[in-house]
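Some notes on the structure that comes next.
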Amino acid sequence: MARIVRRALVAVVVAVLPVVPGEAGGVQDVPISAPAYLSMFDDAAFRGVRRPAAEVLDHFGEITGDAELDARIRRAAEQRGYRRQPVVTTELVWVDGRRLQAPVAEAWLELKAAARADGVALELRSAYRDLDGQQALFLRRLGGRTSDAAIDTTLRFAAPPGYSRHQTGFVLDVAQAGVEQGGFVNTAAYAWLSAADFAAPRAHGFVPSYPRDGERMGPDPEPWELAWVGAGRIACATGVTDPTGFCDAATSERADDISWLADLGVTVGCRPGRFCPDDPITRGEAASLLWRLHGAPAPAGGSPFVDVFADDVFASAVAWLWQLGVVHGTSPTTFSPDGLLSPDEAFALVVRLVTLDDRPAVVGIRGPVPAAGFEPGVVGALGVQVSRAEFASVLRAAVAV
Ligand SMILES: [Zn+2]
């Protein structure tokens, strides 16, 4: 499991979204089907989590300690629609006394502020839970019973360890102060959250974890649980397209920087038609982007990194940048291409690139690339992990001063 470090949440950036709930023609209240809501969360491109092998999860996600009983519980859980969830590999941040993934914590504070502005007091009742916490919760519910009926009753209200969305750090349980969760569906808070197909949560990247009309979702539907998927995935689910060619670009507060990259003709989507602006950028992706921005030149040879394979999409990028001295490994023989880029690494990469003596020309940019004049401050506050949109801003600030 990732080591969880207590860290203050600082520099909360309030996203300025181009579309607000209820705005005529906006995408925020276009109805989304239950399967589409569910698949957004299950999106395999999710960053900040990893999907370990089932045996690994079984080992760390022991339920009762009785292997036969645990297997029976897992079978019953999967029949109800529970799925094994990935585990956190990043540093979570503390917000309102609980832990969440960094972008989720920011989005939660924005959502709470938006509710407050409308006279609705939202509270964070639950957020990240580790496997031990989930095990304790499940065993408390099970109460030592072992019958199939007791297991199924327990599964209506609690996930076994390894199957809770809470272990990802991407979901949270909302409450209205002073109201028990059982009565949440009748509160002003729920009315505000669910209005116009969850327009308000959607404006901040949240979707209902258990959408109306959803089937086989695991527990009995919990109206108080929201899952953060990012505004981009929501925009793409509504089918609205953008002039950049990316259905999720306009939702980013850094849409201008994404457009700048798109206008250079550098294909930098995370997959066809998508930019994934809110996803953290990996070291491999960052190298790839720098390299393509320079016309994707063929490297003179390979790199010394044993974790970069010849058929990786970023292999030529890493080799070319390594030969120029722009990228370094995480050790003499490893590059860690799946590692997430930190703000320091992002700035170091572009500073090294723009201060090279024989700088390769940047695609589509006339005149010399400025060797000096790159000022990290112009990029604004970056998250703990640099998102793909933030890296676009760093690049633009570095080469288009
Ligand atoms: Zn929950």
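Residue numbers for the sequence shown, in our numbering: 12 to 412. Note that beta-carbon positions come from the ideal geometry of N, C-alpha and C, so glycine has one too. These figures come from a predicted structure and were not determined experimentally.
Taking only the alpha-carbon atoms, compute the straight-line gap between Leu335 and Met228 and give it to the nearest angstrom. When the Cα atoms are used, Leu335 and Met228 turn out to be separated by approximately 50 Å.
Mind pulling the beta strand (DSSP E) runs of 3 or more residues that sit fully within the region 187 to 240? Taking only runs of at least 3 residues, the beta strand (DSSP E) segments lying wholly in the region 187 to 240 are 217 to 219, 236 to 239.
Integer-rounded CB distance, given that Gln145 should sit under 8 Å from Gln178: At roughly 6 Å, the Cβ-Cβ gap stays under 8 Å, so Gln178 and Gln145 are in contact.
Closest by C-alpha distance to Ala311, when choosing among Ala321, Trp331, Ala326: When Ala321, Trp331, Ala326 are compared, the shortest CA-CA separation from Ala311 is found for Trp331.
Collapsed DSSP secondary structure at Ser2 in the structure displayed: Only positions 12 to 412 of the chain appear in the structure, and residue 2 is not among them; the question remains open.
Proximity test, Glu134 beta-carbon vs ligand 3 heavy atom, cut-off 7 Å: Ligand 3 is not part of this structure, which contains only ligand 1.
By Cβ distance below 6 Å, which residues in the same chain neighbour Pro222 in space, the five residues on each side in sequence not counted? So the qualifying residues of the chain are Ala45, Tyr48.
Would you report the Cα separation of Glu356 and Tyr174, rounded to the nearest angstrom? Cα to Cα, Glu356 sits roughly 34 Å from Tyr174.
Give the residues whose C-beta lies closer than 5 Å to at least one heavy atom of ligand 1, in chain order. Residues with a Cβ closer than 5 Å to any heavy atom of ligand 1, in chain order: Asp184, Glu236.
How far does the beta strand (DSSP E) with Glu493 in it reach, from first residue to last? There is no way to answer for residue 493, as the model of the chain reaches only from 12 to 412.
Is Val31 helix, strand or coil by DSSP? Because the pLDDT at Val31 is just 36, under 50, the model does not fix this residue reliably, and the value given afterwards should be weighed accordingly. Coil.
Distance check for Arg152 and Thr165, CA to CA, integer angstroms please. Distance between the alpha carbons of Thr165 and Arg152: 6 Å.
DSSP beta-bridge partners for Pro291? As DSSP reads the structure, Pro291 sits in a beta bridge with Ser398.
Burial state of Phe195 (16 or more Cβ within 10 Å): Under the 10 Å beta carbon count, Phe195 is surrounded by 16 or more other beta carbons and is classified as buried.
Where Thr157 falls, given that 16 or more other Cβ within 10 Å makes a residue buried: With fewer than 16 Cβ atoms within 10 Å of its Cβ, Thr157 is classed as exposed.
Please state if the CB of Arg85 and the CB of Pro171 are separated by a distance shorter than 8 Å. Contact check for Pro171 against Arg85 passes: the beta carbons are separated by less than 8 Å.
C-alpha distance - Ala128 paired with Leu122, whole-angstrom precision: When rounded, the distance between both Cα atoms is 10 Å.
Can you name the start and end residues of the alpha helix (DSSP H) that Arg95 belongs to? Per DSSP, Arg95 lies in no alpha helix (DSSP H) and is assigned neither H nor E.
Cys287 versus Gly280 - alpha carbon distance: The alpha-carbon of Cys287 is positioned some 7 Å away from that of Gly280.
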